[in-house]
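**Q** Below you'll find the structure I mean.
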Amino acid sequence: MEQHYKLERVRELADNDQDFIATLAEAFIEEMGPDLERLKQGVADVNYQETYQAAHKMKPTVDLFELGVLDTLIEVQDWGKFTKEGEDITAQLQIVATAVENALAEIKEDFNL
2 MEQHYKLERV RELADNDQDF IATLAEAFIE EMGPDLERLK QGVADVNYQE
52 TYQAAHKMKP TVDLFELGVL DTLIEVQDWG KFTKEGEDIT AQLQIVATAV
102 ENALAEIKED FNL
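Numbering-wise (my numbering), the sequence shown opens with residue 2 and increments by one.
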């Protein structure tokens, strides 16, 4: 439990309300999978605006669950925000994707979702 994510900030936000913590975990599962796919597609399509929007939407959740890749996600976001043509962002995207996928799998298991 909590290898690829941390619940410290979630518990603090929820005031240790276990039902609310479970609700936040469910929201993580429901939102982060589609958001990650949107981010991947934005980079693959070299769609700077889509990449920026997807990364920007993911930031608070990545931070709240402390996935450890917020700075890397910001690099991906900035690639889209500042239209960094000619810059390869795929390595950073892979780091973010791996962290999110690992957290998704672990949260699903930990919360029986």
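A virtual CB, placed ideally from N, CA and C, is assigned to each residue, including glycine.
At what residue ranges does the segment 19 to 93 contain a whole run of the alpha helix (DSSP H), taking only runs of 4 or more?
**A** Runs found: 19 to 45, 49 to 65 and 71 to 82.
**Q** Quick one, which of 81, 63 and 110 has its alpha-carbon nearest residue 43's?
**A** Nearest C-alpha to residue 43: 81.
**Q** Check whether the segment 20 to 27 and the segment 52 to 59 touch, using three or more Cβ-Cβ pairs below 8 Å as the test.
**A** Because the criterion of three Cβ pairs below 8 Å is not met, the segment 20 to 27 and the segment 52 to 59 do not touch.
**Q** Select from 29, 90, 40 and 69 the residue whose C-alpha is nearest the C-alpha of residue 1.
**A** No statement about residue 1 is possible, as the shown extent of the chain runs from 2 to 114 and does not include it.
**Q** Under 8 Å Cβ to Cβ from residue 2, same chain only, skipping five residues before and after it: list those, please.
**A** Excluding residues within five positions, the ones whose Cβ falls inside 8 Å are 107 and 111.
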